[in-house]
Amino acid sequence: MGQFALCVCVLVPWTVYLAVSLPHRFEARYWPMVWVGFDIMLLVSLVGAGAAVWLRRQALIPMSFVAATLLVCDAWFDISLNLGGGDVWESVASAVLVELPLACLLVLRARRVLKISARLAWQRLGLAGEPPSLYKMPLFVAMAASSTFQPDSEGAPDA
């Protein structure tokens, strides 16, 4: 938890600094390399997620979240870098019709697999009833280490 708090404490002032110090215009020297490299990362994450689905591996969960995150970033940069230009509507269409729906599909599929996996782990740990929703579920490694774990009775199952 402390590591995440440290990251937030460093990122907030850094973001403020960037907001006030970055120039309004900047010419990138290696523009094609940046975009091709980004698209290669996106392609690798999509291939990885697809391979994990095909092989029926749990790796599809993180790979799907990585691919979805990159798709959202791609939509953000395409639109924000084309604002005021003639290609902005093409970028909006690409985001709305392709990138964001695919990102949602990947997240929903990963979430579904995560819920099924959590339910199976919950049962294998011998815990009674339905597991709590994903955001209330403790880490299983913490549960296995603790003999005094009691599930949250207020948590309704995640829909």
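Residue numbers (this note's numbering): 56 to 214.
Note that CB positions come from ideal geometry on N, CA and C, so glycine has one too.
List the endpoints of the continuous alpha helix (DSSP H) containing residue i.
{"i": "G92", "result": "86-110"}
{"i": "R80", "result": "From DSSP, R80 is part of no alpha helix (DSSP H); its letter is neither H nor E."}
{"i": "K191", "result": "Careful: K191 lies outside any alpha helix (DSSP H) and carries neither H nor E."}
{"i": "Q178", "result": "155-179"}
{"i": "M118", "result": "115-137"}
{"i": "A148", "result": "143-149"}
Please confirm whether residue i and residue j have their CB atoms less than 7 Å apart.
{"i": "E154", "j": "A183", "result": "no"}
{"i": "A122", "j": "L101", "result": "yes"}
Given a threshold of 16 other Cβ atoms within 10 Å of its Cβ, counted over all protein chains shown, does residue i qualify as buried or as exposed?
{"i": "W144", "result": "exposed"}
{"i": "L126", "result": "buried"}
{"i": "M118", "result": "buried"}
{"i": "P212", "result": "Note that P212 scores a pLDDT of 47, beneath 50, so its modelled location is shaky; the value from the coordinates is reported in the next line. It counts as exposed."}
{"i": "A104", "result": "buried"}
How close, in whole Å, do the beta carbons of residue i and residue j come, if the pair is a contact with beta carbons under 8 Å?
{"i": "L115", "j": "A107", "result": "4 Å"}
{"i": "A173", "j": "P186", "result": "5 Å"}
{"i": "F93", "j": "V162", "result": "So it is not a contact: roughly 20 Å between Cβ atoms."}
{"i": "V89", "j": "A83", "result": "6 Å"}
{"i": "L169", "j": "L194", "result": "Contact doesn't hold; Cβ gap of about 13 Å is too wide."}
{"i": "A148", "j": "D133", "result": "Contact doesn't hold; Cβ gap of about 10 Å is too wide."}
How about residue i: is its C-beta nearer than 7 Å to some C-beta of chain B?
{"i": "E185", "result": "Considering every chain present, this structure includes no chain B. It has just one protein chain."}
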